[in-house]
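Numbering (my numbering), first residue to last: 28 to 982.
Scroll down for the structure; my scribbles are underneath it.
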């Protein structure tokens, strides 16, 4: 055992989630020995006998596993620290619980473990009655047990204590004034080390001043439990970046530092490798055996170089030793050579036909109906000209750097992610340059937009290829750990890429009537829904304190119907006051938008003030000419608002900010603005303060702190995927983006893009071939091969192609989804142009050998029916429509969902507030598919003369 003065540096397995396997821990000890790390703390939260069932002793088999770990760690020069977490239900004053605690730790001590930790993190501060009578405070109760156990174990040289207030943000009222921490410092045995995470649970940086403060209160240097790379709080985030934000000079102020890394073992190579580099760095930068200086970027490059070798080793999932005599029970499409990959299965063609029975020998997850396609059958062009990547191969260094850059650190994105988010934000904000009525835009502006779009599209394609390479790589251990994250980002990038491609020439300008459609529900319907919700909440024993909504027309009407006013900002429900609120982001945006349209006049008994948008514009004109600007974040886009920029809260917050108010005061003082502009400055300052208060927490934290770099990273839900998602028009619809990954990863390279006229031939061929399958291979339309395509796809492709998206793989087009922006207009145009063209193309039957087959005429009649009217009650709420006749059904169902999500984003961007889809009740697959995406049944058998189920969802 090392002496008490050794700096402890290593790993804590202390996350929530599935614990690491024995094989993975053995590999961990090898890594630690190789990189100079000396301490491993065993404390996985989901090990039942570590936390929930802490009183139970280990079975003989479990004893053997722990003994093996202790011995393996010692053989690698690693100190094994066993942690127990009894805080959830221990009775501190109970002699029985104390005996059970000693028994458990004695059992582990007898296995050879000589270092221990007792953890009281993430528990309730309250004590039971017996403890309240025995101890003067919660801290005294914990100290009593910790000191007793420490003495019982013979005062081991390493004994760690994790307090309930384990970071600055959890201390009450502050670190220096925390009675809890003061009690620990005064009463814990001096050689017990106290665990600390920094100013936050997940601290961006650790400073000498903050550590000195907590060391003074605890009367000992703390040991850092570093959550920098922990990802157990967000299922969509992974952290592959370097150890950063902790200067080596901190070591002289610490007992040690243990990194609590990603739940996924294989994701921790770079974090632990760079931690080793940090540990080997000389604390003061002097020459010697240690490395003279720690540079995160240099450490990352060294770790990447070594990880490349690891990534391209044929390792099994969980680091298990492969058994050469047996095959994996889990089928995997990527085990096959690319030439043998099965073609993509499809939904049955006709929406009026039930799905065919699964064909024998189908794909791995159930053998669905397929349309067999070969390279010769597909179009001559490949998906975006990319090289197919279906087989196993080596990950390139550029791909690994991209992987790390997209999954960097909790408070910081890597270069690739920053570029992706910046470009998407700019393209969305400036999409008016390429809108349908943007023909007067300067050509250089259009070229700038298209240049940045091309760069974003290229990056999204790189992300798709990265997904293929990870799935097709030889290292299955890395695949199983990283796949959910690479898969999630691939899907989001496909939607973003398709949306950006769609914007060019298809997004409508501000003059569009679609952008002014009213909300979907009248106030009386909302009132009934609200009442039903409140009743259901009350039925489960809860009371509703407030309801929150935006300032949509129907919501405002609902509040009026409830009698809401500034004097009575509440209504009564079942004898309880329920306050009616408008959400601050919409209030801020609406304040800005109204000020843009109207001057505000504020009158009192003694004065009258006028607030003008024009003063804000003049301030920007003055400020934009300065070499050093007062408000550098303001751009022309803040004052030339379009339908997209109006949706951004930050665009409103940056105009109505303290910085702008100060600038207005300055220009009034300099005489560049009239004295009346002071009233506008006062108003802006008032709005800024008001909305800061809405973002506050207990009056001590500003909104900037909550959403800035000092926030806990779970504020930024979803990481890069989540931020890209929120930049899309349907970003708030989480059900479209968050689904579990498929059981069988596929390395096919997919692409989603808007429909082009050159796709028509392939789409027609595809749906015709699928229709033949449903008919048992009998071709009843040899004289009219286009009739199936005309019936299923033709009207949408001819009348409104701007809402059609296609899916490609390495062989070409393999599916599509069609949309209609405004069904009423679409039906009128079909009757005026499309159906006459179809009647000419397929004339009525004549006698003789040239007569059109009766089957063809039946399909023409179905075309007529397809353009039938829908009820006004439906179209009022759901004016847009989906048509899924060629929606693919794949092993990775997320690709079909991505295809549909791209269409929904386009409809939403052009002002649609709701969309519906008609499905046959026997089509279980589509019903389930749409239901998982938030569609609900609206009509059954009432939409048209034929039977059908209409599903709809709001956008």
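Note that beta-carbon positions come from the ideal geometry of N, C-alpha and C, so glycine has one too.
This structure is a prediction, so every number in the text was calculated from the model and none was measured.
- Following the DSSP letters along the chain, one finds residue 945 inside the beta strand (DSSP E) bounded by residues 941-946.
- Straight-line spacing of the CA atoms in residue 591 and residue 598 works out to 7 Å.
- Taking C-beta separations shorter than 7 Å and ignoring five residues to either side along the sequence, residue 860 has no partners in its chain.
- CA-CA distance, residue 306 to residue 38, rounds to 12 Å.
- Residue 782 sits away from residue 813, with the two beta carbons spaced by 8 Å or more.
- Distance from residue 212 to residue 246 at the Cβ level is roughly 4 Å; contact confirmed, criterion being Cβ atoms closer than 8 Å.
- One thing to note: residue 777 has its Cβ within 8 Å of the Cβ of residue 521.
- Residue burial annotation: residue 675 is buried, with at least 16 other C-beta atoms found within 10 angstroms of its C-beta.
- Using a 10 angstroms sphere on the CB of residue 955, the tally of other CB atoms stays under 16, which defines it as exposed.
- Non-local beta-carbon contacts of residue 324 in its own chain, meaning distances under 8 Å to residues more than five positions away in sequence, involve 269 in chain order.
- By alpha-carbon distance to residue 906, the top candidate from 913, 473, 851 is 851.
- The DSSP-derived three-state label of residue 298 is helix.
- For residue 115, there is no enclosing alpha helix (DSSP H), since its DSSP letter is neither H nor E.
- In this chain, the alpha helix (DSSP H) harbouring residue 621 covers 611-624.
- Collapsing the DSSP output to three states places residue 142 in a strand.
- In this structure, residue 130 lies away from residue 172, with their beta-carbon atoms at least 8 Å apart.
- Taking the C-beta atoms as reference points, residue 616 is found nearer than 8 Å to residue 679.
- Taking each of 472, 495, 443 in turn and checking the Cα distance to residue 484, the smallest one comes out for 443.
- Runs of alpha helix (DSSP H) with 4 or more residues, each lying fully within the segment 163-247, are found at 165-179, 206-214, 235-245, listed in chain order.
- Here residue 714 carries a helix assignment [DSSP, helix/strand/coil].
- Straight-line measurement puts the Cα of residue 434 at about 22 Å from the Cα of residue 46.
- Residue 78 and residue 911 have their C-alpha atoms some 50 Å from each other.
- Closest option to residue 653, judged by alpha-carbon separation, among 634, 628, 690, 666: 690.
- Distance between residue 470 and residue 459, taken at the CA atoms: about 13 Å.
- Taking the Cβ atoms as the reference, residue 574 lies roughly 6 Å from residue 607, within the contact range of under 8 Å.
- A distance of 8 Å or more separates the beta carbons of residue 586 and residue 768.
- Residue 759 and residue 82 have their C-alpha atoms spaced approximately 44 Å apart.
- Burial check for residue 922: the Cβ neighbour count within 10 Å reaches 16 or more, so the residue is buried.
- When C-beta atoms of the segment 635-649 are compared with those of the segment 702-719, three or more pairs fall below 8 Å, so the two segments count as touching.
- The segment 741-804 contains, as complete alpha helix (DSSP H) runs of 4+ residues, the segments 746-754, 787-801 (chain order).
- DSSP places residue 588 within a helical segment (H, G or I) once states are collapsed to three.
- Rounded to the nearest whole angstrom, the C-alpha separation of residue 834 and residue 248 is 59 Å.
- Taking 8 Å as the upper bound for CB-CB distance, residue 261 and residue 746 are in contact here, some 7 Å apart.
- The segment 62-81 makes contact with the segment 99-113; the number of CB pairs closer than 8 Å reaches 3 or more.
- With 16 or more neighbouring CB atoms inside 10 Å of its own CB, residue 283 falls in the buried class.
- Here residue 235 is exposed: its Cβ has fewer than 16 other Cβ atoms, across all protein chains shown, within 10 Å.
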